[in-house]
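Novice: Residue numbers (this note's numbering): 23 to 118.
Quick reminder that beta carbons are idealized off the backbone N, C-alpha and C, glycines included.
None of the values given here were measured: they were computed from a predicted structure.
Before anything else, here's the structure in question.
Next comes the structure, spelled out in structure tokens:
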């Protein structure tokens, strides 16, 4: 039996899709278009590669911030992107 999604779940899903399009697909499309049309000499390739290398850590930090703040979002509190001052000692432990 399929359970019906609540309104907050639907809103969260829509926000997630919008973020995915805005943070992943649009920059990837821009990157591909720029790469297609730039002259393949040193400086344009250098700056495009530098931008791509810089964009990856920005996305990783953003995902960590959202995931760390998710439990606070569900509690109705303000999102605290690291550290979470209520329940942690301020140490960002991402060990596996």
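The alpha helix (DSSP H) with residue 30 in it runs from where to where?
Specialist: As a position in the chain shown, residue 30 is number 8, starting the count at 1. Start and end: 29-42.
Novice: If you check the beta carbons only, do residue 82 and residue 70 fall under 8 Å apart?
Specialist: Here residue 82 corresponds to residue number 60 of the chain shown, with the count starting at 1. Here residue 70 corresponds to residue number 48 of the chain shown, with the count starting at 1. It is not a contact, given that the beta carbons lie outside the stated cut-off.
Novice: Quick check: residue 49 and residue 84, are their CB atoms within less than 8 Å of each other?
Specialist: For the purposes of this step, residue 49 is taken as the residue at position 27 of the chain shown. For the purposes of this step, residue 84 is taken as the residue at position 62 of the chain shown. Cβ distance not < 8 Å, so residue 49 and residue 84 don't count as in contact.
Novice: For residue 79, does the three-state DSSP call read helix, strand or coil?
Specialist: For the purposes of this step, residue 79 is identified with residue 57 of the chain shown, where counting begins at 1. It is helical.
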